[in-house]
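To convert a position in the sequence shown, counted from 1, into this note's numbering, add 24.
Glycine is no exception: its CB is placed at the ideal position from the N, C-alpha and C atoms.
The model shown is predicted, which means the values in this text are computed figures rather than measured ones.
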Amino acid sequence: MLLCDFGGKVPNTFDDLMKLPGVSHKTANLIMAKLYQAGTGVAVDTHVMRLSQRMGLTKHHAQVKIETDLNALFAPKDYLAVNELMILHGRAICMARSPKCLECPVKHLCPKRGTAYENKNAGIV
25 MLLCDFGGKV PNTFDDLMKL PGVSHKTANL IMAKLYQAGT GVAVDTHVMR
75 LSQRMGLTKH HAQVKIETDL NALFAPKDYL AVNELMILHG RAICMARSPK
125 CLECPVKHLC PKRGTAYENK NAGIV
């Protein structure tokens, strides 16, 4: 399809990228940001999904709805940074099974702060 429909070049619009087999919103957003420096949306993977829910940035569970919520909170120029920072934070501090709440540099922003959830992950409960 790249050869036939796009002359062997990676499409430079979100809509054209979405026409390619196997390309999702996440992939299209990342290609637009990294290859074309265009903020079309926050790329939502499992880390971004988990953190955005845990931090109260969305109540949704579907990637496209989470993307819509995050896009409303951040400027397009920051979409890639939001994605990358949330991934790094999710891997290093806010892991799925045992987040390091006491070490979290943004715990003051977290709605889980001071709850049984935080205490459990701090070894208090």
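Query                                                                                                                                                                          : Result
Rounded to the nearest angstrom, how far is the Cβ of residue 66 from that of residue 106, given a contact under 8 Å?                                                          : 5 Å
Can residue 110 and residue 71 be called in contact, C-beta distance under 9 Å?                                                                                                : yes
Where residue 88 and residue 95 are concerned, what is the direct C-alpha to C-alpha distance, given to the nearest angstrom?                                                  : 10 Å
Locate the alpha helix (DSSP H) running through residue 48, then write down its first and last residues.                                                                       : No alpha helix (DSSP H) contains residue 48, which DSSP labels as neither H nor E.
Roughly how many whole angstroms lie between the Cα atoms of residue 125 and residue 135?                                                                                      : 12 Å
Excluding the 5 residues preceding and the 5 following residue 91 in the sequence, name in chain order all residues of the same chain whose CB lies nearer than 7 Å to its CB. : 49, 65, 66 and 68
Short check: CB of residue 100 to CB of residue 117, under 9 Å?                                                                                                                : no
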